[in-house]
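Shown next, in structure tokens, is the structure this report addresses.
If you want it as structure tokens, here you go:
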């Protein structure tokens, strides 16, 4: 999927079988009665200078993945290699120096800046903690970071509440940049912003990546943003990655039923070709009791017996990886042609969802009669 | 392109506290209450200069002395006056022992600890006592049954009234914030221990504990009373701080500080505490008011500081057996009432000025 | 032709604050026909929600409807919601006009069961017994296709997921068979797959029950997929209004064009940075003179744009634009 040779240039970030489970405790003795499997065996690589887009709906664990990488929440299993450092094995001191190189930008620009601190203290804190430069050097670095994010040095003496959402998000990005990191976790950085501001911040992120050679993990629920920014995309569902591929490949030839549904659910402004929407039934199940077999089967229109019982193995089609019994069977039938398989899957799901459109219940039919 | 060009011309930047002050200032009642508290503070500091029988400044045998400081601490009164046998009466002694001497006297020549005798001040009669002691020209608030001036007692009692509030709540605030912060931030077993501790202390009725301790302690002083009020009064503050810390440690700015590399202590005290301070400050203000009431009740019951100390509660106590002396009830009662009211109003104003929800409701 | 179901004319809603008189809604006119869906789009702070709240006179102090009329016509009878007495208005609220809010968690009362809350809405407007109200509640849950309605009837809001709660909100709004539903960002808090469910449900209910919908949203995609007509709001005013097909195929106002171009998609990936609208939405205290969009508009020309406020003109049948140079820009 990428031109780089893995032998000569190992990926900046390698994640293998990452697991983050949160204990559920109950009772007076706080005994553990179960666990929320927020992230349950996630594997991916991010080559240096590339962007991985992590897409999924709320509760799928994508935010926990981002936080686990930086050990802002402690992972319970798996391996995270950052530039050949095993992040999970670092002690407090070496973790601190790693944190300088791995920074994070949060979703909520109103919650992520301390309201009682001036922008100066917010930006300066990291420099002080990591002993980067004297007072004047620090100021220079802060001004540089602000400059890069399109802000003037005058903001230093102001408080967060004086800025709009877009400006705050720029400040949050500047806070990350001031430490000169190599890797940025962008946790829904534009979801809370208005459309016109969203585009400004997206452009800024793209620009910074090119100028500074940054590597991103871009987490979002918004497929269109991810498609636009990411080199590779991974789709998460209930703590696992169900499909991942190069961005263009994934958009044009999605194979997993969930990815297909996700794409069709994104509202488009093309009025003329209102697509046949795939409307999934039901809600995302609780990650404390994930379904057996394929985790998506309770909502999947194509679910078969095997899906309810056997966890689907990963299929790797030249970097296009997915976990689905049905899709892998169809792929075989199509002789390994992803494009063809994608069309077949799309047709199958559309057929399955349209004929299962619930017959109007007697009650609601009566209702509509009443009304007339 | 710079996004923030327009910010530079905007109005000056105001932090949270100066913003809160701007809002507080708009409330006339809150300002009045704050003014009253400041007035009391000034009275407390300058008490010996307002009422007393010792000169504020005097020149005696060619040297300057400040005998009035003796009201704060016996040893601050120069030993020369003891050596020269002044026996606490300055006006006559100064003139007799050094005709050259001069003195600046307090505004009101009355003593909070003893009866002023006849001719102690040239031409002044002895303080009346008992039924005759109602307010008059020389005794603005009257005198108690022993002829001690109530005004002087009230003025000097202000110090205690304020100290009780500040010292006990300062102690309670420190303990409460620390316990609450530890429990709320670390959670788990730390929270378990601090929460149970808080609950245990909450079960102890302050007044009973104080009475019990006074019975045990050899020399009950006002400081010990304050310590006890402080050591038992922190539970509400601890619970509030814990709740704030629990809420704030989940916020993204705390997460961001950790991502920057900040340690626990720094996060607790630099990031979380300033955000938790405003809601905690409000109960502290209310706590000051209730500490003053507790001290008042203690003194009224006769468990206050030992007799020579002047406190508003002890004046009330002396009225207990002399209910016909109305001035012994009215003036200290009004003093306590107004002070408590003022603190409560300040607390309320603080709440409105700092509570973001109330602020939004105004928008 | 009969009067439209809802006709808002020159609505002005003002907030009086320490910053002065802030016109959040400044001369908005809209009309909705029976059974139609009108989308009201705009970014935060453009006044779209205040318009919705004004329609039911739910704007709270210091906000006040200063002028304008809101004619609501049902069963051949017209009332002006701006001047009608409070008592009569209460009959309209929840009775003839239902409302759905953005946050389904906070708009349901956590201490009552779902069944109780729907039944209450019914009993407020109809003289029915408790058991009748309850069976009506059950009927409504069937109608909004909530799974296991019999069991959910006695569930509390926190036991439901976001999507389910929004279905319950819709059930409450529909309980009295209103003629109009005002949906204020009904899917913003939901995930895309759940959003698709809710939008489909709304569309389906509209075609079956003939309820008109005023859909307020910031998402142009949602509007394109569900609405018949669209009005775009900016800084308290409507800047463009047309049928959905017309607006999305031939947007005329620079703001609408900007919004459409700012949407990222995979096709735009290799064609350089996204088109953006520079600057930000002005707050009501700093509304610019002339055309309120001119400081952010790349086509703005002095002296017209910064002095003379453009009027909402009909440039082609049914397509209204508030721009001096709409034709020139798009030719």
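Residue numbers (the numbering used here), protein chains in the order written: chain A, 137 to 508; chain B, 340 to 702; chain C, 19 to 349.
Positions of the beta carbon are idealized from the N, C-alpha and C atoms, including for glycine.
The structure displayed is predicted, hence computed values, not measured ones.
Of the listed residues B:581, B:567, B:555 and B:556, nearest to residue 535 (chain B) (C-alpha basis): By 1-based counting over the second chain, the position of residue 535 (chain B) is 196. Here the closest residue by C-alpha is B:581.
Could you check what DSSP says for residue 250 (chain A) in three-state terms: helix, strand or coil? By one-based count along the first chain, residue 250 (chain A) stands at place 114. If DSSP states are grouped into helix, strand and coil, residue 250 (chain A) belongs with coil.
When the Cα of residue 436 (chain B) is compared with those of B:686, B:443, B:445 and B:426, which residue comes out closest? Counted from its first residue, the second chain places residue 436 (chain B) at position 97. If we check each option's Cα against that of residue 436 (chain B), B:426 comes out closest.
Length of the line joining the Cα atoms of residue 353 (chain A) and residue 586 (chain B): As a working note, residue 353 (chain A) is residue 217 in the first chain. As a working note, residue 586 (chain B) is residue 247 in the second chain. The alpha-carbon atoms of residue 353 (chain A) and residue 586 (chain B) are separated by roughly 28 Å.
Residues of chain C with a CB under 9 Å from the CB of residue 357 (chain A): which are they? Taking the first residue of the first chain as position 1, residue 357 (chain A) is located at position 221. The contacting residues are 209 and 210.
Which runs of the beta strand (DSSP E), 3 residues or longer, sit entirely within the segment 192-267 of chain A? 213-218 and 238-241
Say whether chain C places a C-beta atom closer than 7 Å to the C-beta of residue 277 (chain A). Start at 1 with the first residue of the first chain, and residue 277 (chain A) comes out as number 141. By this cut-off, residue 277 (chain A) is not an interface position.
Using a C-beta cutoff of 7 Å, does residue 557 (chain B) count as contacting chain A? Taking the first residue of the second chain as 1, we reach residue 557 (chain B) at position 218. It does not: the Cβ of residue 557 (chain B) has no partner Cβ on chain A nearer than 7 Å.
Is it right to say residue 389 (chain A) is buried, meaning 16 or more other beta carbons lie within 10 angstroms of its own, or is it exposed? By 1-based counting over the first chain, the position of residue 389 (chain A) is 253. With 16 or more other Cβ atoms within 10 Å, it is buried.
In whole angstroms, what separates the C-alpha of residue 177 (chain C) from that of residue 598 (chain B)? Position 159 of the third chain, counted from the first residue, corresponds to residue 177 (chain C). Position 259 of the second chain, counted from the first residue, corresponds to residue 598 (chain B). Distance between the alpha carbons of residue 177 (chain C) and residue 598 (chain B): 34 Å.
Per DSSP, what kind of secondary structure is residue 327 (chain A) in: helix, strand or coil? For the purposes of this step, residue 327 (chain A) is taken as residue 191 along the first chain, with counting starting at 1. If DSSP states are grouped into helix, strand and coil, residue 327 (chain A) belongs with coil.
Would you say residue 401 (chain A) reaches chain C, if we count a Cβ-Cβ gap shorter than 7 Å as a contact? Mapped onto the first chain, residue 401 (chain A) falls at position 265. Residue 401 (chain A) counts as touching chain C.
Answer with yes or no whether the minimum CB distance from residue 251 (chain C) to chain A is below 7 Å. What you label residue 251 (chain C) is simply residue 233 of the third chain in a count that begins at 1. Cβ-Cβ to chain A under 7 Å: no for residue 251 (chain C).
What does DSSP give as the partner residue(s) for residue 404 (chain B) in the beta ladder? The sequence position of residue 404 (chain B) within the second chain is 65, counting from 1. B:397.
If the criterion is Cβ atoms closer than 7 Å, does the pair residue 415 (chain A) and residue 213 (chain C) meet it? Stepping through the first chain from its first residue, residue 415 (chain A) is reached at position 279. Stepping through the third chain from its first residue, residue 213 (chain C) is reached at position 195. Result no, Cβ atoms of residue 415 (chain A) and residue 213 (chain C) do not sit closer than 7 Å.
Compute the distance between the beta-carbons of residue 394 (chain A) and residue 373 (chain A), then report whether it is under 7 Å. Within the first chain, the letter at position 258 stands for residue 394 (chain A). Within the first chain, the letter at position 237 stands for residue 373 (chain A). Cβ distance < 7 Å, so residue 394 (chain A) and residue 373 (chain A) count as in contact.
Among C:210, C:148, C:108 and C:183, whose alpha-carbon lies nearest the alpha-carbon of residue 132 (chain C)? Residue mapping note: residue 132 (chain C) aligns to position 114 of the third chain, counting from 1. It is C:183 whose Cα lies nearest to the Cα of residue 132 (chain C).
Residue 162 (chain A) in three-state terms, based on DSSP: To locate residue 162 (chain A), count along the first chain from 1; it is residue 26. Residue 162 (chain A) falls in the strand class under three-state DSSP.
Considering only residues of the segment 419-484 of chain B, which uninterrupted alpha helix (DSSP H) runs meet the minimum length of 4 residues and lie entirely inside it, listed in chain order? 419-422 and 429-436
Ignoring anything shorter than 4 residues or poking outside the segment 460-485 of chain A, list the alpha helix (DSSP H) runs there in chain order. 461-469
Residue-level contact to chain B via CB, residue 485 (chain A), 7 Å cutoff: Working through the first chain from its first residue, we reach residue 485 (chain A) at position 349. False, the Cβ-Cβ gap to chain B never drops below 7 Å.
Contact set between the segment 236-263 of chain A and chain B, restricted to residues whose Cβ is under 7 Å from the partner: 236, 239, 240, 242, 244, 247, 248, 249, 250, 251, 252, 261 and 262
Are the C-beta of residue 295 (chain C) and some C-beta of chain A separated by less than 7 Å? Reading the third chain from its first residue, position 277 is the one you call residue 295 (chain C). Yes, residue 295 (chain C) lies at the interface with chain A (some Cβ there is under 7 Å from its Cβ).
Anyone know if the C-beta pair for residue 623 (chain B) and residue 679 (chain B) falls short of 7 Å? As a position in the second chain, residue 623 (chain B) is number 284, starting the count at 1. As a position in the second chain, residue 679 (chain B) is number 340, starting the count at 1. Against a cut-off of 7 Å, the Cβ pair of residue 679 (chain B) and residue 623 (chain B) comes out as no contact.
Cβ-based neighbour list, residue 151 (chain C), same chain, cut-off 6 Å, excluding 5 preceding and 5 following: Within the third chain, numbered from 1, the residue matching residue 151 (chain C) stands at position 133. Counting only Cβ-Cβ distances below 6 Å, and skipping sequence neighbours, we find 137, 140 and 141.
Report the three-state DSSP secondary structure of residue 357 (chain A) (helix, strand or coil). Taking the first chain and counting its residues from 1, the one referred to as residue 357 (chain A) is at position 221. Note: residue 357 (chain A) maps to coil in three-state DSSP.
So with Cβ pairs under 7 Å, would you call residue 181 (chain C) a contact of chain A? On the third chain, position 163 is the one that residue 181 (chain C) refers to. Chain A contact via Cβ: present.
Could you tell me which chain C residues have their CB closer than 8 Å to the CB of residue 339 (chain A), listed as they occur along the chain? As a position in the first chain, residue 339 (chain A) is number 203, starting the count at 1. 291, 292 and 294, listed in chain order.
Sequence-distant residues of the same chain with beta carbon closer than 8 Å to residue 160 (chain A), five excluded per side: Taking the first residue of the first chain as 1, we reach residue 160 (chain A) at position 24. The residues are 168, 169, 170, 171, 172 and 424.
Taking the alpha helix (DSSP H) that residue 184 (chain A) falls in, what are its first and last residues? Residue 184 (chain A) sits at position 48 when you count from the first residue of the first chain. Counting along the chain, residue 184 (chain A) falls outside any alpha helix (DSSP H), and DSSP gives it neither H nor E.
Nearest-angstrom Cα distance between residue 250 (chain C) and residue 313 (chain C)? The sequence position of residue 250 (chain C) within the third chain is 232, counting from 1. The sequence position of residue 313 (chain C) within the third chain is 295, counting from 1. Approximately 18 Å between the Cα atoms of the pair.
With a 10 Å radius around its C-beta and 16 neighbouring C-beta atoms as the bar for buried, classify residue 290 (chain C) as buried or exposed. Indexing the third chain from 1 puts residue 290 (chain C) at position 272. Counting Cβ neighbours within 10 Å, residue 290 (chain C) comes out exposed, since fewer than 16 surround it.
Answer yes or no: the CB of residue 433 (chain A) versus the heavy atoms of the ligand MG, is any distance below 6 Å? This structure lacks the ligand MG, and indeed carries no ligand of any kind.
Residue 389 (chain B) vs residue 494 (chain B) beta-carbon contact at 7 Å: As a first step, residue 389 (chain B) must be located in the second chain, where it is residue number 50. As a first step, residue 494 (chain B) must be located in the second chain, where it is residue number 155. Yes.
Using a C-beta cutoff of 7 Å, does residue 364 (chain A) count as contacting chain C? In the first chain, counting from the first residue as 1, residue 364 (chain A) sits at position 228. At least one chain C Cβ lies under 7 Å of residue 364 (chain A).
Check whether residue 101 (chain C) and residue 233 (chain C) have beta carbons under 7 Å apart: Taking the first residue of the third chain as 1, we reach residue 101 (chain C) at position 83. Taking the first residue of the third chain as 1, we reach residue 233 (chain C) at position 215. Going by C-beta atoms, residue 101 (chain C) is not nearer than 7 Å to residue 233 (chain C).
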